[in-house]
Amino acid sequence: MKILVINAGSSSLKYQFMESEGGEVFAKGLCERIGIDGRLTHKVPGREDVKLDIPMPTHNEAIQAVLDIMVDPEKGVIQSTDEIAAVGHRVLHGGAAFTESCIIDDACIEAIEKCIPLGPLHNPANLMGIRACQKIMPGTPQVAVFDTAFHMTMPPKAYIYAIPYEYYEKDDVRRYGFHGTSHRYVSARAIDMLGNPAHSRVISCHLGNGSSLAAIVDGKVMDTSMGLGPLAGFPMGTRSGDVDATILEYLMGRYNYDIKEMLNILNKKSGVLGISGVSSDFRDLDEAAAQGNERAKLALDKFVYEVKKFIGAYTTVMGGVDAIVFTAGIGENSIDLRRQICEGLEYMGIHMDAEKNNVRGKECDVSAADSKVKIFVIPTNEELMIAMDTASLCGK
Ligand code: ADP
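Okay, so the sequence shown: first residue is 86 according to the working numbering, each after it adds one.
Written out as structure tokens, the structure reads:
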């Protein structure tokens, strides 16, 4: 089925038009500066990229621009928008209500709206993308695929926070976890690469701008590093990961920050950027560290150290591990960070093959022949998962 996959942000919208079976991508692109002026970048494999300035006061004009370019006789890839069988939307927060993807109807929209307090930055933007598609392509079925859904198999002991229980009961405070579509895709590939054993324990390491780990037993998430929101876990590009809440009180008192300012620091100015003062981009940090910048080196050391701690913890609670998967920008491309993360874990049966690990962005097994635990590099493909879910729900 030919599916249009949409990932709507507050001022941007990514799209990919693809075949759900096999994953062939016909066209993809990005609308930027929605609500400001509007710019469209449209890419078709084998052709030159198209960049156009198109006014986009709202997401409606952005979706219209995407449809217009897709049917353009020169730059397009289809004759008519009827060839779009369905639209799949990435939605950040599904709360506990969504354990899987669902067809978008009034009840689904209402449930996504209810999750706005849990995902205040992303859910409203996701809804704008959904509403724009409903308006502009009213006859085309639409599906919501949630970043949180795959994690809903976590047992209560993993998702409950040790604060008064009433906040869970009354206010839905619990661990939700994110990057679920990515963890689902790469862990399913890993289980396949393990030969589909009856029992499997996988640690999926999604290491990108935002990063999270997931412990996955028999294909079901047992634990994950992000929490109620995506700030939790280990240090990321600009996010702090887990911090002692006392730091908030201390700094807010000393500098008179309000909670918004404090959270802005933890979300945007922390992580490896905060420690290094250099960059949130791991390539810049590698370069700075190689030139002797001690804080860049410390930031990288801290990142590796904290990822290792999660691997150790997840191996313990799963009673062992069969495969460790590296994915997303850093996981797929940073040969050195993968090596550093696995270094010293030989006592756990984790042996990397340095030669095989010399790879970027390609699916492969980088473990040594005698490694008890497989180490896989698996490029993530969230769009394909969204397209597959959309096709399977709309095909029914
Ligand atoms: P997002 O979370 O925005 O989807 P990505 O998964 O694209 O992010 O990951 C972006 C991160 O991947 C950046 O920090 C970038 O530095 C890092 N990255 C990409 N290529 C490399 C590389 N060759 N070596 C180290 N880091 C890399």
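C-beta: ideal position from N, C-alpha, C; glycine also. Here the structure is a predicted model, which means the values were calculated and not measured.
Pull every residue with its beta-carbon under 5 angstroms away from any heavy atom of ligand 1, and keep them in chain order.
GLY293, ASN294, GLY295, ASP366, PHE367, ARG368, ALA413, GLY414, ILE415, ASN418 and SER419
Identify, in the order they occur along the chain, each residue of the same chain with its Cβ nearer than 7 angstroms to the Cβ of MET473, setting aside the five sequence neighbours on each side.
What you label residue 473 is simply residue 388 of the sequence shown in a count that begins at 1. Counting only Cβ-Cβ distances below 7 angstroms, and skipping sequence neighbours, we find SER105.
Proximity to GLY224 [Cα-Cα], best of ALA171, CYS193, ALA234 and ILE276:
Reading the sequence shown from its first residue, position 139 is the one you call residue 224. Checking every option, the nearest Cα to that of GLY224 belongs to ALA171.
Is there contact here, the stretch 178 to 194 with the stretch 150 to 165, by at least three beta-carbon pairs under 8 angstroms?
no
What do you reckon, are the CB atoms on TYR399 and ALA300 nearer than 7 angstroms?
Stepping through the sequence shown from its first residue, residue 399 is reached at position 314. Stepping through the sequence shown from its first residue, residue 300 is reached at position 215. Cβ distance < 7 angstroms, so TYR399 and ALA300 count as in contact.
List the endpoints of the continuous beta strand (DSSP E) containing LYS113.
Here residue 113 is taken as the residue at index 28 of the sequence shown, counted from 1. That run of the beta strand (DSSP E) goes 110 to 117.
Taking the Cβ atom as the reference point for each residue, do VAL406 and ARG286 lie within a distance shorter than 7 angstroms?
For the purposes of this step, residue 406 is taken as residue 321 along the sequence shown, with counting starting at 1. For the purposes of this step, residue 286 is taken as residue 201 along the sequence shown, with counting starting at 1. For VAL406 and ARG286, yes; Cβs fall inside 7 angstroms.
Please report the Cβ distance between SER325 and GLY359, rounded to the nearest whole angstrom; I am assuming they are in contact, meaning their Cβ atoms lie under 8 angstroms.
Within the sequence shown, residue 325 is the residue found at index 240, counting from 1. Within the sequence shown, residue 359 is the residue found at index 274, counting from 1. Confirmed, Cβ separation roughly 7 angstroms.
The beta strand (DSSP E) spanning MET103 covers which residue range?
The residue given as residue 103 occupies position 18 in the sequence shown. Counting along the chain, the beta strand (DSSP E) containing MET103 begins and ends at 98 to 104.
Given this structure, state the Cα-to-Cα distance separating VAL462 from GLU379, to the nearest angstrom.
Within the sequence shown, numbered from 1, the residue matching residue 462 stands at position 377. Within the sequence shown, numbered from 1, the residue matching residue 379 stands at position 294. If I take the Cα positions, the gap works out to 29 angstroms.
Among the residues of its own chain, which have a CB less than 8 angstroms from the CB of SER272, if the five just before and after it don't count?
As a working mapping, residue 272 is identified with position 187 in the sequence shown. Answer for SER272: VAL287, SER289, ALA299, ILE301, GLY304 and VAL410, listed in chain order.
Report the residue from TYR261, LYS345 and LEU279 whose alpha carbon sits nearest the alpha carbon of ILE460.
Stepping through the sequence shown from its first residue, residue 460 is reached at position 375. Nearest of TYR261, LYS345 and LEU279 to ILE460, Cα basis: LEU279.
Would the stretch 310 to 323 and the stretch 347 to 356 be scored as touching if the rule is three or more Cβ pairs under 8 angstroms?
yes
Reducing DSSP to helix, strand and coil, say where MET437 ends up.
Counting from 1 along the sequence shown, the entry for residue 437 is found at position 352. MET437 falls in the strand class under three-state DSSP.
Buried or exposed: ASN281, going by 16 or more other Cβ atoms within 10 Å of its Cβ?
The count along the sequence shown starts at 1 and reaches residue 281 at position 196. Exposed is the call here.
THR233 - DSSP class collapsed to helix/strand/coil:
Counting from 1 along the sequence shown, the entry for residue 233 is found at position 148. Three-state DSSP puts THR233 in coil, outside helix and strand.
Can you tell me where the beta strand (DSSP E) holding LEU292 begins and where it ends?
In the sequence shown, counting from the first residue as 1, residue 292 sits at position 207. It spans 286 to 292 - the beta strand (DSSP E) in which LEU292 sits, taken as one unbroken run.
Cβ neighbour criterion (16 or more within 10 Å) applied to ASN92:
In the sequence shown, counting from the first residue as 1, residue 92 sits at position 7. By the 10 Å Cβ count, ASN92 comes out buried.
Cβ shell of CYS427 (< 7 angstroms), same chain only, five flanking positions each side left out
Counting from one through the sequence shown, the residue named residue 427 turns up at place 342. Same-chain partners within the cutoff: ILE435, MET437 and ILE460.
Sub-7 angstroms separation of LEU187 and ALA229 beta-carbons:
Here residue 187 refers to the residue found at position 102 of the sequence shown. Here residue 229 refers to the residue found at position 144 of the sequence shown. According to the sequence shown, residue 187 is Cys rather than Leu. Yes, they are a contact pair.
Would you report the Cα separation of CYS193 and HIS291, rounded to the nearest angstrom?
The residue labelled residue 193 in the question sits at position 108 within the sequence shown. The residue labelled residue 291 in the question sits at position 206 within the sequence shown. Rounded to the nearest angstrom, the two C-alpha atoms are 28 angstroms apart.
Of the listed residues SER95, SER97, ASP256 and LYS113, nearest to LEU89 (C-alpha basis)
Locating residue 89 in the sequence shown gives position 4, where the first residue counts as 1. That would be LYS113, whose Cα lies nearest to the Cα of LEU89.
Around the Cβ of ARG132, are there at least 16 other Cβ atoms within 10 angstroms (buried) or fewer (exposed)?
Within the sequence shown, the letter at position 47 stands for residue 132. Classification of ARG132: exposed, given that the 10 Å Cβ count is below 16.
Sort ARG118, ILE221 and SER267 by Cα distance to MET470 and report the nearest one.
Numbered from 1 along the sequence shown, position 385 holds the residue referred to as residue 470. Nearest option by C-alpha distance: SER267.
What are the uninterrupted segments assigned as alpha helix (DSSP H) that are 4 or more residues long and contained completely in the stretch 197 to 226, given in chain order?
208 to 221
Residues bridged to HIS268 [DSSP beta-bridge criterion]
What you label residue 268 is simply residue 183 of the sequence shown in a count that begins at 1. In the DSSP output, where bridge partners are listed per residue, HIS268 has none listed.
Going by DSSP, what residues sit across from HIS144 in a beta bridge?
One-based indexing of the sequence shown puts residue 144 at position 59. Answer is none; HIS144 lacks a bridge partner.
For ASP47, which beta-bridge partners are listed by DSSP?
A question about residue 47 goes unanswered here, because the residues of the chain that appear run from 86 up to 481.
Please report the residue range of the beta strand (DSSP E) in which ASP138 lies.
Walking along the sequence shown from the start, residue 138 turns up at place 53. Counting along the chain, the beta strand (DSSP E) containing ASP138 begins and ends at 135 to 138.
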